DNA sequence: GTCTATAGTAGGATAGAC
DNA sequence: GTCTATCCTACTATAGAC
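Protein chains in written order, with full-length UniProt numbering: chain A, 1 to 197; chain B, 1 to 197.
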């Protein structure tokens, strides 16, 4: 039986995770030192190690919060009738993502570090696979309902088109992060104008 | 007057840069230690510091070699008659990139670290701006020649379409790096099938 | 130019008081 | 649970011999 309430522990972890995220945005996940997380949180080393066993655990927890569940947005999308056209899906995903993580460049940092950190890699892979699965199902249903295409053919079309929808989202994040003159509205308008429906 | 020939110095720098790149692929640019670069090169600390003033200088030099000049491929493309359609450009860029950097996931690592390292950021920005400029000119000319569109309108079309072409390349790199079942040929076929011409 | 050895520092994590 | 103080490892870079 812990002396403090469970809500208190959760709230403290949230506090630490949010402070760590602010620090990670500045220097990246690996390159941020515990000293920076400690300073940003306003707590002490001992306090933090009372809630996380290691810096690696903080990294994984924060990264998990960052990728969150974009899947929810897709479920909402799939419940609409009439269905929104596939090229409008990136806008929905990006809007949800922006609301949740703010500056998306932290996602680019996460992807980059996922190349060499197995735990982050597994996390990113899991999210992309879920996203791809949900998107593929959505696009297939859209073709069936909109054009009366047979299931098998709709699945093939979806498998062809979904990687491009994913690239549209990834390209947004990358170009937002790197180009000082990136225009989000123009970008999304182009996606909706030119990607296949 | 140095005692050794200039070619010798250049060859040694190449050797060190290549060893460093092999190490960076495993752990990322910042997280790789000098000890790992030293071991990978088979040289000693003293030898390496005789050719580079700091680890940061090695990082910048290697990163510069990695992004290289994809612009050359675009120039070759623009010299053809008839011009290749815009959706085939990602294939050309990616083929050149694969030949030069091999495993493209090192590019994703570079992009991620560019978010927080100003020198890498400037490097990546410069390359993307050059690429965007060359691509935009190419696509504009293509519309003028192929459809007889006026210059002003062709420029507008190019400005709309080029971000998607860039996303196609970036999405390739990302999906190649993360998805174990990524199919490069199918991806490029989709790009050519669905992106606007 | 290249080596070995090491100086000097910053890092993650823990001990013990409260 | 949280703090301060500190241990110990690993890092970048240099010194001095060859």
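Each residue gets a CB set at the ideal place from its N, CA and C atoms; glycine is no exception.
Bear in mind the structure is a predicted one, so any value in this text is a computation, not a measurement.
Distance between beta carbons of residue j and residue i, contact taken as under 8 Å
| i | j | result |
| --- | --- | --- |
| residue 90 of chain B | residue 173 of chain B | Between residue 173 of chain B and residue 90 of chain B the Cβ distance is about 11 Å, and since that is not below 8 Å, they are no contact. |
| residue 67 of chain B | residue 127 of chain B | 5 Å |
| residue 71 of chain B | residue 31 of chain B | The pair is not a contact, with the Cβ atoms about 30 Å apart (cut-off 8 Å). |
| residue 79 of chain B | residue 92 of chain B | At roughly 12 Å, the Cβ-Cβ gap does not stay under 8 Å, so residue 79 of chain B and residue 92 of chain B are not in contact. |
| residue 164 of chain B | residue 191 of chain A | 7 Å |
| residue 177 of chain B | residue 108 of chain B | 5 Å |
| residue 203 of chain A | residue 86 of chain A | This structure leaves residue 203 of chain A out entirely; chain A is present only between 1 and 197. |
| residue 111 of chain A | residue 112 of chain B | 6 Å |
| residue 51 of chain A | residue 12 of chain A | 6 Å |
Through-space distance from residue j to residue i, alpha-carbon basis
| i | j | result |
| --- | --- | --- |
| residue 140 of chain B | residue 195 of chain A | 19 Å |
| residue 1 of chain A | residue 129 of chain B | Interpretation of residue 1 of chain A is limited by its pLDDT of 49, a score under 50 that renders its predicted location unreliable; the figure taken from the coordinates is listed afterwards. Near 59 Å, if we compare the C-alpha coordinates of residue 129 of chain B and residue 1 of chain A. |
| residue 193 of chain A | residue 179 of chain B | 28 Å |
| residue 49 of chain A | residue 38 of chain A | 10 Å |
| residue 5 of chain A | residue 62 of chain B | 52 Å |
| residue 115 of chain B | residue 122 of chain B | 10 Å |
| residue 101 of chain A | residue 175 of chain B | 21 Å |
| residue 36 of chain A | residue 15 of chain A | 14 Å |
| residue 28 of chain B | residue 106 of chain B | 8 Å |
| residue 99 of chain A | residue 56 of chain A | 26 Å |
| residue 136 of chain A | residue 166 of chain A | 11 Å |
| residue 96 of chain B | residue 47 of chain A | 51 Å |
| residue 18 of chain B | residue 44 of chain A | 42 Å |
| residue 185 of chain B | residue 53 of chain B | 43 Å |
| residue 84 of chain B | residue 33 of chain B | 45 Å |
| residue 142 of chain B | residue 168 of chain B | 19 Å |
| residue 150 of chain B | residue 157 of chain B | 11 Å |
| residue 25 of chain A | residue 64 of chain B | 24 Å |
| residue 58 of chain A | residue 120 of chain B | 26 Å |
| residue 145 of chain A | residue 146 of chain B | 36 Å |
| residue 75 of chain B | residue 94 of chain A | 34 Å |
| residue 124 of chain B | residue 160 of chain B | 22 Å |
| residue 189 of chain B | residue 183 of chain B | 10 Å |
Where residue i meets chain A, residues with beta-carbon distance less than 7 Å
| i | result |
| --- | --- |
| residue 177 of chain B | 115 |
| residue 174 of chain B | 111, 170 |
| residue 128 of chain B | 178, 179 |
Closer than 8 Å at the beta carbon, the chain A residues around residue i
| i | result |
| --- | --- |
| residue 168 of chain B | 164, 167, 171 |
| residue 27 of chain B | 116 |
| residue 191 of chain B | 164 |
| residue 30 of chain B | 28, 30, 31 |
Chain-ordered chain B contacts of residue i [CB-CB under 8 Å]
| i | result |
| --- | --- |
| residue 196 of chain A | 194 |
| residue 105 of chain A | 115 |
| residue 58 of chain A | Those do not exist, as residue 58 of chain A stays about 16 Å from chain B at its closest Cβ, beyond 8 Å. |
Chain B residues whose Cβ lies nearer than 9 Å to that of residue i
| i | result |
| --- | --- |
| residue 124 of chain A | 178 |
Proximal chain A residues relative to residue i, where beta-carbon distance stays under 9 Å
| i | result |
| --- | --- |
| residue 160 of chain B | 186, 189, 190, 193, 194 |
Chain B residues whose Cβ lies nearer than 7 Å to that of residue i
| i | result |
| --- | --- |
| residue 108 of chain A | 111, 112, 115 |
Heavy atom of the ligand FAD within 7 Å of residue i beta-carbon
| i | result |
| --- | --- |
| residue 29 of chain A | Ligands displayed in this structure: none; no statement on the ligand FAD is therefore possible. |
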